[in-house]
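Student:
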Amino acid sequence: MDQRPLGRTGIDCSRLGWGAFKIGRNAGAKFPSSYELPSQDEAIGIIHGMIDLGINLIDTAPSYGLSEERLGLALKDRRDEVVLSTKIGEQFHQGESRYDFTSSAAVMSLQESLRRLQTDHVDLLLIHSDGRDQEILADEEYLETLLSIKEAGLTRAIGFSGKTPEGNRAAMNWADVLMIEYHSEDRSHEDVIAEAGKRQVGVLIKKALRSGHLPGDQALKFLYHDSPVADDITSLVIGSLNPERMQANAEVLAI
C-alpha cells in the first residue's frame, strides 16, 4: 500500500490507517448498527489481517476498552511493522468517558498504555480532546509535559485530536500531527488542513465515513481524489472488524 510522509516527523504512514476501537469496545459507540466484540483470538487475527493488507498505521486509545491490551498481544512479534498511535486525556469507565488534562494524568496514562501495549514507546501520542480545545491548549504545563515525553523517547511524535478548527489551528504551534474530522458533510477544517500541509504538520483524518453513516466508496473517493486538500492528508483512519472490507477501501486509492 502507498505510504506518505507524516509531516516533518520522518515517519511514513500507509494512506489507509486502521482505528482499533471495535476490537476493544462496543459500549457507547456511535456507529449506525451494534456489533459484538470479537474474542481475544479473533481480535488478534483481525489485527494481523490488517497488517497483512499493508496497513501500517494503527490508532488506539485508553478509552477503547480492551483495544490496547489486545494490540499488545498481537504485536509482540510485529511491533516494527506498525506506526502505533495512542492518546492521553480520556478514560472510559462504567459506561462513560472521564477526562483529565493534567500533567500527572498524562504521564500515568501513557505508562499504563505502554504496559498494555507491551512496548517501550509509541510512535504517535495525541491529546484526546473533549471539545474544550482552547482551554486544554492554554495549559502550558500540560503541553510542556507532552514535549518532555517526546524528548524522553517515549513517543516519536506528538499531536492533537481536536474538535474545532480554532483548536487544531492553534495546536500547529507545537504539534507534529493533527487528527481531524473531515468528510463531504463537514468541511469546516478544510483551511486548517491546507495550512497544516504548508507547515509540514501531518494530518490524519478521523470519522472519514462519519462513523459509518456515509457510503464508503463515495466518502473515500472524495477524500482521496476530489477534496481540494487531498494532497495535504497523510492518512485516513477507519475502524473496521473486517480486513476484506478494508481491502475494498484500499482499492479506492487506485481508482
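Here our numbering is used: the sequence shown runs in plain steps of one and ends on residue 689.
We put the beta carbon where it would ideally sit given N, CA and C, even for glycine.
1) Comparing alpha-carbon positions, which option in Val686, Ala688, Met680 and Leu687 lies nearest Asp486?
2) With distances taken Cα to Cα, identify the nearest neighbour of Ser595 among Lys464, Ile489, Ala653 and Ile522.
3) Please report the distance separating the alpha-carbon of Leu559 from that of Ala540.
4) Is Asn503 near Arg550, with beta carbons less than 7 angstroms apart?
5) Give the range of the beta strand (DSSP E) segment to which Pro439 is assigned.
6) In terms of DSSP beta bridges, what is Glu530 paired with?
7) Is the separation between the beta-carbon of Ile561 and that of Ser501 shorter than 7 angstroms?
8) Report, in whole angstroms, the separation of the C-beta atoms of Arg459 and Gly499, which I expect to be a contact under 8 angstroms.
9) For Ser531, which residues from the same chain have a beta carbon less than 8 angstroms from its beta carbon, with the 5 sequence-adjacent residues on both sides left out?
10) Considering Cα atoms alone, identify which of Asp665, Lys584 and Ala653 is closest to Pro439.
11) Tell me which residues share the same chain as Phe465 and place their Cβ nearer than 7 angstroms to its Cβ, disregarding the 5 neighbours each side in the sequence.
12) Quick check on this structure: which residue in Ile481, Ala682, Arg442 and Leu548 has the alpha carbon closest to the alpha carbon of Met606?
13) Which runs of the beta strand (DSSP E) fall wholly inside the region 481-549 and span at least 3 residues, in chain order?
14) Comparing alpha-carbon positions, which option in Glu600, Glu569, His555 and Glu546 lies nearest Leu518?
15) Three-state secondary structure (DSSP) at Arg603?
Tutor: The answer reads as follows:
1) Met680
2) Relative to the Cα of Ser595, the nearest Cα in the group Lys464, Ile489, Ala653 and Ile522 belongs to Ile522.
3) Near 10 angstroms, if we compare the C-alpha coordinates of Ala540 and Leu559.
4) According to the sequence as given, residue 503 is Glu; it is not Asn. The answer is yes: Cβ separation under 7 angstroms.
5) Gln437 to Pro439
6) According to DSSP, Glu530 bridges with His527.
7) Cβ distance not < 7 angstroms, so Ile561 and Ser501 don't count as in contact.
8) 3 angstroms
9) Gly462, Ser497, Glu524, Gln525 and Asp564
10) Closest by alpha carbon: Asp665.
11) Sequence-distant Cβ neighbours of Phe465 in its own chain, meaning closer than 7 angstroms and more than five residues away, are Ser645 and Gly646.
12) Arg442
13) Secondary structure in the region 481-549: the beta strand (DSSP E) runs of 3 residues or longer, each lying completely within the stretch, are 491-493, 517-522, 524-527 and 530-533 in chain order.
14) His555
15) helix
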